[in-house]
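Residue numbers (my numbering), protein chains in the order written: chain C, 722 to 857; chain W, 198 to 333.
To start, the structure under review is shown below, and the notes come after it.
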Amino acid sequence: MPVSLAEIEKGHEFPPAEFELTAEWVGQYISAVRDESVRALGPSVVPPMAVATLCIRTLLEQSTLPPGSIHAAQELEFERSVRIGDVLSAAARIVSRGERAGWVLLGVSLEATAGGARVMHGRAMLTFPADPEAAN
Amino acid sequence: MAGSQTAPYGRGTLLPEVVHDLTQDQIGAYAIPSGDHNPLHLDPAFAASTRFGGTIAHGMLVLAFVSEMLTAAFGPAWASSGRLKVRFRDAARPGDRVTARGTVTSVAGGRVVCAVECVNQGGIVLVSGDAEVTYP
Numbered sequence: 722m723p724v725s726l727a728e729i730e731k732g733h734e735f736p737p738a739e740f741e742l743t744a745e746w747v748g749q750y751i752s753a754v755r756d757e758s759v760r761a762l763g764p765s766v767v768p769p770m771a772v773a774t775l776c777i778r779t780l781l782e783q784s785t786l787p788p789g790s791i792h793a794a795q796e797l798e799f800e801r802s803v804r805i806g807d808v809l810s811a812a813a814r815i816v817s818r819g820e821r822a823g824w825v826l827l828g829v830s831l832e833a834t835a836g837g838a839r840v841m842h843g844r845a846m847l848t849f850p851a852d853p854e855a856a857n
Numbered sequence: 198m199a200g201s202q203t204a205p206y207g208r209g210t211l212l213p214e215v216v217h218d219l220t221q222d223q224i225g226a227y228a229i230p231s232g233d234h235n236p237l238h239l240d241p242a243f244a245a246s247t248r249f250g251g252t253i254a255h256g257m258l259v260l261a262f263v264s265e266m267l268t269a270a271f272g273p274a275w276a277s278s279g280r281l282k283v284r285f286r287d288a289a290r291p292g293d294r295v296t297a298r299g300t301v302t303s304v305a306g307g308r309v310v311c312a313v314e315c316v317n318q319g320g321i322v323l324v325s326g327d328a329e330v331t332y333p
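Okay, here's the thing in structure tokens:
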């Protein structure tokens with residue numbers, strides 16, 4: 722059951738989700754972002770931003786965004802490249818929650834592992850109106 | 198394709214720009230692998246009723262253009278040792294010409310640090326921040 726990001730508190734952990742990097746999914750991603758540099762990564766290597774996209778997808782699948790939500794900032798660190806066929810485990814956790822000038826600021830840590838080794842970690846900063854009526 | 202392992206990088210070096218003409222079709226295509234079907238990105242009628250006045254691109258789609266530029270510049274090193282820290286400054290919209298660009302700001306201890314940004318055709322900064330990579 723998805724939970725609303727408007728209601729969850731600091732420390733909330735979303736269960737890790739596994740995702741196989743199939744050729745079909747990676748192809749969809751590369752086609753969508755129209756990445757012409759992917760060949761520079763080497764055969765079968767997945768664009769690193771695709772891993773970050775999957776982590777955020779995990780968050781989206783387990784939560785609902787409050788009206789007026791904005792992706793305000795993003796930090797990412799890539800530690801290992803991954804390839805088509807790898808199975809990623811993606812996890813997210815609420816690491817900060819504050820409010821300023823009527824906006825909630827939510828910090829979400831993201832982590833992806835493959836084969837037991839961390840391949841990426843980062844932090845997303847989301848913001849949304851504290852008063853849902855102010856969303857528009 | 199760029200991404201050569203021998204290209205010299207020094208302070209002030211400009212990274213190869215990446216330019217994308219953003220379309221609603223591309224935004225729609227990105228929604229599939231990302232799992233982000235927020236109507237703010239996909240539904241012109243809904244988006245028109247928000248403070249954005251129309252659909253906007255997913256922040257992570259715009260960030261993919263930055264990653265494409267860094268892949269072109271640094272090749273596999275970007276996917277295995279890259280760090281990125283950005284703020285989303287403004288919304289990218291269908292019809293925008295989005296340019297990802299960057300400048301090396303320091304080279305020390307095997308790490309190359311770059312200022313990166315995405316701007317639209319009007320010079321409005323959409324994304325800005327810093328990237329860092331261990332470069333052989």
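Heads up, the beta-carbon is just placed ideally off N, CA and C, and yes, glycines get one too.
Query raised in the report: Can you check whether the CB of ALA811 (chain C) is closer than 9 angstroms to the CB of PRO723 (chain C)?
Result: Against a cut-off of 9 angstroms, the Cβ pair of ALA811 (chain C) and PRO723 (chain C) comes out as no contact.
Query raised in the report: Which of the three DSSP states, helix, strand or coil, is assigned to THR220 (chain W)?
Result: coil
Query raised in the report: Is DSSP giving PHE262 (chain W) helix, strand or coil here?
Result: helix
Query - Assumed close pair ARG286 (chain W), VAL324 (chain W) - CB separation to whole angstroms, cut-off 8 angstroms - result: About 6 angstroms separates the Cβ atoms of ARG286 (chain W) and VAL324 (chain W), confirming a contact at the 8 angstroms cut-off.
Query raised in the report: PHE285 (chain W) versus chain C: which residues are under 8 angstroms apart at the beta carbon?
Result: ILE791, HIS792, ALA793, ALA794, GLN795
Query raised in the report: How many whole angstroms separate the CB atoms of PRO291 (chain W) and THR220 (chain W), which I take to be in contact at a CB cut-off of 8 angstroms?
Result: 6 angstroms
**Report entry** Bridge partners - GLY843 (chain C), DSSP secondary structure assignment
**Finding:** Looking at the DSSP output, GLY843 (chain C) sits in a beta bridge with C:LEU797, C:LEU831.
Query raised in the report: Listing by chain order, which chain W residues have their CB less than 7 angstroms from the CB of SER802 (chain C)?
Result: PRO273, ALA276, SER277
Query raised in the report: Among residues of its own chain, excluding the 5 on either side of LEU256 (chain W), which ones have a beta-carbon nearer than 6 angstroms to its beta-carbon?
Result: First, the amino acid is wrong: residue 256 (chain W) is Gly here, not Leu. Hits under 6 angstroms: PHE285.
Query - Inter-residue Cα distance where the pair is LEU258 (chain W) and PRO333 (chain W) - result: 28 angstroms
**Report entry** Coil, strand or helix - SER790 (chain C) by DSSP
**Finding:** In the structure shown, SER790 (chain C) adopts coil according to DSSP, grouped into three states.
Query raised in the report: Anyone know if the C-beta pair for VAL278 (chain W) and GLU796 (chain C) falls short of 9 angstroms?
Result: Looking at the sequence itself, residue 278 (chain W) is Ser, so the reference to Val does not match. Note that the C-beta distance between SER278 (chain W) and GLU796 (chain C) is not below 9 angstroms.
Report task. Would you identify the three-state DSSP class for PHE271 (chain W), choosing helix, strand or coil? Result -> Note: PHE271 (chain W) maps to helix in three-state DSSP.
Requested in this report: Measure the alpha-carbon distance for SER201 (chain W) versus ALA270 (chain W) and round it to whole angstroms.
Outcome: Bear in mind that the predicted position of SER201 (chain W) carries a pLDDT of just 42, short of 50, making it unreliable; the figure below should be weighed with that in mind. For SER201 (chain W) and ALA270 (chain W), the distance between alpha carbons rounds to 7 angstroms.
Report task. Tell me, please, whether the CB atom of SER784 (chain C) is closer than 9 angstroms to any CB atom in chain W? Result -> no
Query raised in the report: For ALA838 (chain C), which residues does DSSP report across the bridge?
Result: C:ALA835
Requested in this report: Please check if any C-beta of chain C sits within less than 9 angstroms of the C-beta of LEU260 (chain W).
Outcome: yes
Query raised in the report: So is GLU782 (chain C) buried or exposed if we call it buried at 16+ other beta carbons inside 10 Å?
Result: Around the beta-carbon of GLU782 (chain C), fewer than 16 other beta-carbon atoms lie within 10 Å, marking it exposed.
**Report entry** Endpoints, beta strand (DSSP E) assigned at ARG208 (chain W)
**Finding:** Neither: ARG208 (chain W) is in no beta strand (DSSP E) and is coded neither H nor E.
Report task. Quick one: grab the DSSP three-state call for LEU809 (chain C). Result -> Strand, per DSSP.
Query raised in the report: Taking C-alpha atoms, which residue in C:GLY789, C:ILE777, C:ALA771 lies nearest to GLN749 (chain C)?
Result: C:ALA771
Report task. With hydrogens ignored, establish whether the beta-carbon of ARG821 (chain C) is closer than 8 angstroms to any heavy atom of the ligand COA. Result -> No copy of the ligand COA occurs in the structure displayed, which carries no ligand at all.
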